[in-house]
Amino acid sequence: MKFTYNWLKEFVELKLTPEKLAEKLTMAGLEVKSLQAKDGDFILEIEITSNRPDWLSVVGIAREVAAITGKRLKIPKLVNGPQSMAHGSKARGKTGGLSTVDYRRVSIKIEDIKDCPLYTAKIIRDVLVRPSPEWLKKRLELIGCRSINNVVDITNYIMFTYGEPLHAFDLDKLNTERIVIRRARKGEKISNIDQVERILNEDILVIADEQKPVAIAGVMGGKDTEVDERTRSILLEAAIFDPVVIRRGRRLIGMQSESSYRFERGVDFDTASGSSLLATQLILELAQGSLVSTAESGTRHPELLKIELNPQEANRVLGIQAKKAEIKKMLEHLGFFVQDKRSGLLTVRVPLFRQDVKKEVDLIEEVARIYGYENIPTTVALITPRVGFNQNRELVGIIKNTLVGLNLNEAITYSLISRNLLFGFSDENLVKILNPLSQEQEILRPALLPGLLKVVSHNLNQKQLPVNIFEIAKGFSSGVKTPKEELLLSICLCGIEARFSSQGQIKDRPGLLHLKGILSQVLRRLGISNYSFKLNNNECADLYVQGQLLGRLFKLSQEALDKFDIKNTDVFTANLFLDKVFNLADLSKNIVPLPKYPAIVRDLSIVVKSDLAVDKIIQEIEKSAGDLFREVKVIDYYQGKQIPCGFRGITLSCLYRSDARTLTEEDISALHTAIVNILQDKFQAGLR
Numbered sequence: 020m021k022f023t024y025n026w027l028k029e030f031v032e033l034k035l036t037p038e039k040l041a042e043k044l045t046m047a048g049l050e051v052k053s054l055q056a057k058d059g060d061f062i063l064e065i066e067i068t069s070n071r072p073d074w075l076s077v078v079g080i081a082r083e084v085a086a087i088t089g090k091r092l093k094i095p096k097l098v099n100g101p102q103s104m105a106h107g108s109k110a111r112g113k114t115g116g117l118s119t120v121d122y123r124r125v126s127i128k129i130e131d132i133k134d135c136p137l138y139t140a141k142i143i144r145d146v147l148v149r150p151s152p153e154w155l156k157k158r159l160e161l162i163g164c165r166s167i168n169n170v171v172d173i174t175n176y177i178m179f180t181y182g183e184p185l186h187a188f189d190l191d192k193l194n195t196e197r198i199v200i201r202r203a204r205k206g207e208k209i210s211n212i213d214q215v216e217r218i219l220n221e222d223i224l225v226i227a228d229e230q231k232p233v234a235i236a237g238v239m240g241g242k243d244t245e246v247d248e249r250t251r252s253i254l255l256e257a258a259i260f261d262p263v264v265i266r267r268g269r270r271l272i273g274m275q276s277e278s279s280y281r282f283e284r285g286v287d288f289d290t291a292s293g294s295s296l297l298a299t300q301l302i303l304e305l306a307q308g309s310l311v312s313t314a315e316s317g318t319r320h321p322e323l324l325k326i327e328l329n330p331q332e333a334n335r336v337l338g339i340q341a342k343k344a345e346i347k348k349m350l351e352h353l354g355f356f357v358q359d360k361r362s363g364l365l366t367v368r369v370p371l372f373r374q375d376v377k378k379e380v381d382l383i384e385e386v387a388r389i390y391g392y393e394n395i396p397t398t399v400a401l402i403t404p405r406v407g408f409n410q411n412r413e414l415v416g417i418i419k420n421t422l423v424g425l426n427l428n429e430a431i432t433y434s435l436i437s438r439n440l441l442f443g444f445s446d447e448n449l450v451k452i453l454n455p456l457s458q459e460q461e462i463l464r465p466a467l468l469p470g471l472l473k474v475v476s477h478n479l480n481q482k483q484l485p486v487n488i489f490e491i492a493k494g495f496s497s498g499v500k501t502p503k504e505e506l507l508l509s510i511c512l513c514g515i516e517a518r519f520s521s522q523g524q525i526k527d528r529p530g531l532l533h534l535k536g537i538l539s540q541v542l543r544r545l546g547i548s549n550y551s552f553k554l555n556n557n558e559c560a561d562l563y564v565q566g567q568l569l570g571r572l573f574k575l576s577q578e579a580l581d582k583f584d585i586k587n588t589d590v591f592t593a594n595l596f597l598d599k600v601f602n603l604a605d606l607s608k609n610i611v612p613l614p615k616y617p618a619i620v621r622d623l624s625i626v627v628k629s630d631l632a633v634d635k636i637i638q639e640i641e642k643s644a645g646d647l648f649r650e651v652k653v654i655d656y657y658q659g660k661q662i663p664c665g666f667r668g669i670t671l672s673c674l675y676r677s678d679a680r681t682l683t684e685e686d687i688s689a690l691h692t693a694i695v696n697i698l699q700d701k702f703q704a705g706l707r
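Last residue of the sequence shown? That's 707 in the numbering used here, and every number before it is there in order.
Shown next as structure tokens:
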């Protein structure tokens with residue numbers, strides 16, 4: 020936002036030098052980006068934050084300066100005659116005042132009041148469009164706005180002064196005097212005053228006559244109805260538009276203007292009608308003409324928000340000793356309406372131009388700004404904050420270290436994703452963004468897998484294989500009032516990995532067994548031992564602990580991979596619900612002494628049905644093998660000529676040890692025979 024020092028002085032008494040003014044504004048939160056001396060004046064440029072659209076006008080900045088310096092804000096009042104607000108010279112228009120010469124009214128139709136809460140129009144006839152006077156031309160050009168003609172320059176001058184974007188149409192170029200504020204129809208076209216033809220759609224709000232759009236609402240007018248030197252009658256527009264609609268439309272057509280910049284951030288409801296009257300007065304003065312018709316359509320004036328402010332609470336939060344009367348005066352200088360109550364509280368009504376103020380703490384921040392951050396005494400905190408131990412953070416660290424040690428890489432992906440990338444989720448459980456930046460960021464992810472698959476796809480396109488990645492982050496689902504959050508772990512394995520052993524190079528293909536081994540290692544590191552995997556089919560298995568589902572591992576279907584343009588490769592994934600896992604974690608460690616006596620290992624080769632899960636065999640051995648038994652491992656699977664159809668061979672390695680003596684062959688033979696008998700009775704297993 021650019022303005023000049025002399026322009027600002029018309030609205031507030033200034034005794035500060037431009038340099039001192041820039042310093043004061045910066046300390047109050049209006050960061051002055053640059054200060055430049057030019058043509059006997061000083062040009063200041065201020066960085067405006069998105070929550071303060073009221074600073075996008077000279078009057079808005081003057082209000083801040085008045086509050087900072089304690090001076091009175093000088094806002095021009097409307098007069099009966101068309102008198103210039105800035106210069107006091109009398110107009111030469113035909114009306115001699117702002118009353119109309121007849122009662123013909125322009126017709127206004129607003130199709131959706133949410134898109135346009137207020138629209139005002141004034142018809143001024145017999146205007147003389149010509150170059151602007153030197154004072155107006157210079158004022159605009161100093162801040163980088165090109166002078167067009169007196170009518171257009173007046174609308175720009177009022178916008179920069181009061182913050183309300185205005186637009187003037189050539190009335191004779193409109194098809195009827197009826198104005199319609201509506202959404203564009205798909206395929207409609209408009210040529211704007213920047214000489215570019217644009218194709219519109221239903222997401223774009225337009226100003227139209229009976230036949231076609233004549234302006235993109237809140238952004239830019241049309242070329243066909245612009246005011247030029249041949250114009251004799253104008254329709255002056257002042258309106259309030261929905262910021263979301265203007266922002267979406269502006270992005271769709273790919274352009275920004277001074278008007279859209281203000282409408283996107285919100286324009287003061289009170290400013291529209293007043294700015295239109297001030298512009299009319301200046302047009303009657305500088306372009307002559309007669310005001311012949313006025314119309315207004317829209318909602319009633321919104322009610323002002325009321326907030327109770329406790330001055331003692333403000334002093335406590337800020338660490339100052341300001342009196343209630345001082346706080347009241349600060350807020351009144353900023354445009355708030357303040358009522359002193361006997362209870363000691365202040366009832367504050369928030370003006371419409373302060374849309375950022377919603378609660379008491381916002382008012383306390385305003386007090387701090389005007390009081391001066393540099394005037395708030397520095398104090399040492401009486402209480403040293405204590406950071407409590409967060410076990411979940413430690414558990415996450417253990418998981419990450421374990422996975423990295425297993426040669427996996429951590430990925431960090433966006434929380435916002437496209438709905439098109441999700442599969443297996445119903446719409447009612449998704450958390451949708453009300454105003455997404457793009458379709459790629461319209462949903463808060465319910466799972467981590469879509470983000471990881473985008474990483475897999477990118478690496479495949481770059482020929483970077485294998486891809487072994489994981490991510491630990493939150494997943495989101497819809498809740499009663501706020502979204503539910505759940506900490507998740509997702510793993511993706513893809514691509515053949517070459518390993519080297521004493522027997523040479525081995526090509527290692529990922530699969531469910533790899534994921535099972537990875538998850539088993541993670542669970543053991545977390546102190547969880549009584550887990551089991553239930554195989555649903557050859558491509559999917561569930562992880563259970565004490566009957567509770569903790570995760571799932573599976574091979575992704577080609578249909579799912581096609582969403583990410585992943586071709587000709589298998590991707591295996593595991594997903595773990597970490598909140599449930601952490602409830603079962605046990606990091607306590609029991610010291611187990613090293614064994615004093617040697618162990619004896621015996622292999623056992625059996626033939627069982629192909630659909631019998633190995634877990635059941637292992638569980639039965641562990642339950643029945645006795646005290647000398649220590650562990651059992653699967654070391655080989657076999658299906659071939661010597662194995663009947665529907666069966667498979669499994670080789671198990673059993674380890675035995677005693678803590679009191681060295682075991683003999685007789686001890687082991689008896690135990691081993693007992694295990695064989697149990698497997699034969701329980702599973703009809705045969706020896707190979």
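For each residue, glycine too, the CB sits at the ideal point set by N, CA and C.
| Asked | Found |
| --- | --- |
| Of the listed residues Glu50, Lys39, Glu160, Val146, nearest to Leu57 (C-alpha basis) | Reading off the sequence shown, one finds Lys at residue 57, where the question assumed Leu. Comparing Cα positions, the closest option is Glu160. |
| Inter-residue spacing [alpha-carbon to alpha-carbon] between Leu728 and Asn602 | In this structure the chain extends from 20 to 707, so residue 728 is not present and cannot be described. |
| Unbroken alpha helix (DSSP H) run spanning Gly515, endpoints | Correcting the residue type first, residue 515 is Ile in the shown sequence and not Gly. Premise fails: Ile515 is in no alpha helix (DSSP H) and is neither H nor E. |
| Beta-carbon proximity list for Ala430, same chain, < 8 Å, skipping 5 on both sides | Gly470, Leu471, Val474, Ile488, Phe489, Glu490 |
| Spatially closest choice to Val225 from Ala258, Arg249, Val246, Asp247, by CA coordinates | Ala258 |
| Counterpart residues of Cys559 in DSSP-defined beta bridges | Asn556, Phe573 |
| Three CB pairs or more closer than 8 Å across the segment 215-232 and the segment 147-157 | no |
| Per-residue DSSP class, three states only, for Asn448 | helix |
| Supposed contact pair Ile200 and Ala298 - C-beta distance, whole angstroms, cut 8 Å | Not confirmed; about 19 Å, so no contact. |
| Rounded separation between Pro101 and Thr68 - CA only | The predicted model places Pro101 with a pLDDT of 32, which falls under 50 and marks its position as unreliable; any figure quoted below should be read in that light. Looking at the two C-alpha atoms, the distance is approximately 36 Å. |
| Proximity winner among Leu75, Asn549, Arg571, relative to Cys559 (alpha-carbon distances) | Arg571 |
| Check whether Ile235 and Gly268 have beta carbons under 9 Å apart | yes |
| CB-CB length for Leu671 against Leu623, believed under 8 Å | 5 Å |
| C-alpha distance - Ile65 paired with Met20, whole-angstrom precision | 5 Å |
| Opposing strand residues paired with Thr366 [DSSP bridges] | Glu327, Gln358 |
| Ser437, DSSP secondary structure in three states | coil |
| Pro614 burial status per 10 Å Cβ neighbour count (16 or more: buried) | exposed |
| Beta-carbon proximity list for Cys135, same chain, < 8 Å, skipping 5 on both sides | Ile129, Ile200, Leu224, Ala236, Ala258, Ile259, Phe260, Asp261, Gly317 |
| Inter-residue CB distance, Glu505 and Gly494 (contact presumed, cutoff 8 Å) | 5 Å |
| Close-in-space but distant-in-sequence residues of the same chain around Val263 (CB under 7 Å, 5 per side omitted) | Asn454 |
| Cα-Cα separation between Gly668 and Arg438, rounded to whole angstroms | 46 Å |
| Identity of the residues DSSP links to Tyr550 by a beta bridge | Val564 |
| Residues of its chain near Leu92, where Cβ-Cβ distance is below 7 Å and the 5 sequence neighbours each way are ignored | Phe30, Val31, Ala81, Arg82, Ala85 |
| Nearest neighbour of Leu305, chosen from Thr174, Gly206, Lys141, Gly391 [CA to CA] | Thr174 |
| C-beta atoms of Glu248 and Asn168 nearer than 9 Å | yes |
| Pro232 - partner residues in DSSP beta bridges | Ala227 |
| Residues bridged to Val626 (per DSSP) | Gly668, Gly705 |
| Reduced DSSP category for Gly48 - H, G, I as helix; E, B as strand; rest coil | coil |
| Residues near Gly48 in its chain [Cβ-Cβ closer than 6 Å; skip 5 each side] | Arg388 |
| Classification of Pro321 by the beta-carbon crowding that lies within 10 angstroms, buried from 16 upward | exposed |
| Inter-stretch contact (C-beta, 8 Å, three-pair minimum) for the segment 529-542 and the segment 566-585 | yes |
| heavy atom of the ligand FAD below 8 Å from Leu597 C-beta | Among the ligands in the structure shown, none appear at all, so the ligand FAD cannot be discussed. |
| Rounded distance between the beta-carbons of Leu33 and Leu27, thought under 8 Å | 7 Å |
| Delimiting residues of the alpha helix (DSSP H) encompassing Glu639 | 633-643 |
| Status (buried if at least 16 other CB within 10 Å, exposed otherwise) for Ser108 | No answer about Ser108 holds up, because its pLDDT of 33 lies below 50 and its placement is not dependable. |
| Start-to-end residues for the beta strand (DSSP E) that takes in Arg144 | 137-146 |
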